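Just so you know, the sequence shown maps onto residues 1 to 351 in UniProt numbering.
Cβ atoms here follow ideal geometry from the backbone N, Cα and C, with glycine treated the same way.
Please read these numbers as outputs of a predicted model, since none were measured by experiment.
Structure first, commentary second.
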Amino acid sequence: MQEQNITFYDGQISKPYPATIAPIDRETVLICYNQQQRRYYYADMQLIGALGQIQPVIELKDDARIEFPQALPDWFELNKKHVQHSIWKLERSPSLILFSVVFVAAFIFAILRWGIPSAAHYVAMQLPADTIYKLGDEAQEQVFKLTGPSTIPLARQKQIIQSYQDLVANGQPAKVLFRAGGQIGTNALALPNNTIILTDELVNLAKDDHEIIGVLAHEQGHLVERHSLQQALSSLGFSVLLIAVTGDSSALFTTLPVALVGASYSRNFESDADLYAMQVLDKNHISSLHLANFLARMEADARAEEEEKQPQGKSEEGEEGGIGSIFRSHPATQERIAAIRQFNQQQRLSN
């Protein structure tokens, strides 16, 4: 008989007993402790595998417990023994631990880099129209709380709206609203309820109506691709993955309207909207340089405003102003301007 020393708990009191365990046959074992004997079937055993320095444990149906001082003996016929022992060995392997850390880090990076944006795109494109409009209406209420009534004359507003409908709408006209900038300043926003909001400060900053048309075309690009909805969904993080899997969008109404106002677009979304705007301008025989000029002026205006707010000696680098800013919050304005100028040059060469 191949006895193995163990620590045994009889399930009646918490006192541990020094004991021995030995095989009787391929189905049962015998435990001897405190001048007593117990017989147990392998089928009635539940193995808790070794973990680090903790050795394997067997739990039994009568609440008894077996603790081994080392790995399970070779004769022990429990089916899961070899699997658990292999796991225990792997857990003690430095190379496997390093691999696991790298794998988990890569997995999390992949989820953040591709998984969440893909899920956000899927959810944004699958949400029913009434849900999208309801979210947009609530986001619009948030914008109205941050802004004030416009002082742009109604005749001027109608002129801009008419130009938008003639040159930009392309059969998908959005509602164009004007608001005094308030907390969001010189800004333009595209909301999922098919609404574009221009602030008075933005309109007044433009030196040419073609610049305003360029901005409206940029916002139209965001609307067509549902960029604001995708960006806001991405800001929800792992929650959007759950929505994509379950289809339950009920939780969106508690967090998404604020996210729609506060989210800044990714570089890809900005580039896509810029390209849409450039194509609209080119179609109407308007130079895309009008959009580039406006971006440059807006960046200069934003820098001047930030310099006025910052104490002397403080770095100019850091957060850029504007809640939900379409232009100001974007850190790569010069790259966008360069891309617009390159597009304009290519169009000139092709004509």
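Can you list, in chain order, the residues of its chain with a C-beta nearer than 7 Å to that of residue i? Leave out the 5 residues immediately preceding and following it.
i	result
A217	V168, Y276, A277, V280 and L281
F99	none
I212	I160, V203 and A206
Q140	L191, N193 and T195
D208	H290
K126	One detail in the question is off: residue 126 reads as Gln in this sequence, not Lys. Around Q126: no qualifying Cβ.
S14	none
Under the DSSP definition of a beta bridge, which residues are partnered with residue i?
i	result
Y9	R65
A190	I196
F107	According to DSSP, which records beta bridges pairwise, F107 is partnered with nothing at all.
T20	N5 and C32
A180	G148
I48	V57
Q37	C32
K15	None, per the DSSP bridge assignment.
Just how far apart, CA to CA, sit residue i and residue j?
i	j	result
E77	Q35	25 Å
Y133	S350	41 Å
L191	I340	24 Å
N187	R348	30 Å
I152	I196	16 Å
V102	L47	30 Å
G214	S95	56 Å
P16	P69	13 Å
A155	I337	31 Å
A182	G136	The question names Ala, yet the displayed sequence has Gly at residue 182. Cα-Cα distance, rounded: 20 Å.
E219	L189	7 Å
Q172	Q334	30 Å
A19	L60	15 Å
I24	I97	39 Å
D62	Q12	9 Å
G115	L233	12 Å
S150	T199	8 Å
L295	A332	11 Å
Y33	P56	19 Å
A292	H285	16 Å
A180	V104	48 Å
P128	A71	58 Å
R267	R303	20 Å
L223	Q346	26 Å
I184	K309	15 Å
V176	K283	21 Å
A342	N170	Correcting the residue type first, residue 342 is Gln in the shown sequence and not Ala. Each residue's Cα considered, the two are about 25 Å apart.
N5	A106	44 Å
Excluding sequence positions up to five away, which residues of its chain have a Cβ less than 8 Å from the Cβ of residue i?
i	result
S287	H210, L281 and N344
D272	G221, E225 and H227
T28	R39, Y40, Y41 and Y42
D301	T186 and L205
Q2	A22, P23, P73 and W75
S315	The predicted position of S315 is uncertain, since its pLDDT is 43 and thus under 50; a value taken from the coordinates is nonetheless stated next. Excluding residues within five positions, none has a Cβ falling inside 8 Å.
D274	H218, G221, L291, R336, A339 and I340
Provide the residue span of the alpha helix (DSSP H) that contains residue i, from first to last.
i	result
Q140	A129 to L146
V215	D209 to V224
E306	L289 to K309
I286	It is not in any alpha helix (DSSP H) - I286 carries neither H nor E in the DSSP assignment.
D166	L154 to L167
E335	T333 to S350
Keeping to the same chain, check which residues put their C-beta closer than 6 Å to that of residue i; ignore five residues upstream and five downstream.
i	result
Q157	F178
residue 358	Any answer about residue 358 is impossible in this case: the structure gives the chain only from 1 up to 351.
D10	A64
R26	E77
N194	A174
E67	T7 and V57
G318	Since pLDDT at G318 reaches only 39, below the 50 mark, its modelled position is unreliable, and the value read off the structure follows with that caveat. For G318, where only same-chain residues beyond five positions count, there are no Cβ hits under 6 Å.
First and last residue of the beta strand (DSSP E) that includes residue i?
i	result
V29	T28 to Y33
Does the count of Cβ pairs from the stretch 98–117 and the stretch 157–171 closer than 8 Å reach three? no
May I ask you to verify whether the stretch 125–145 touches the stretch 201–215, counting CB pairs closer than 8 Å and requiring at least 3? no
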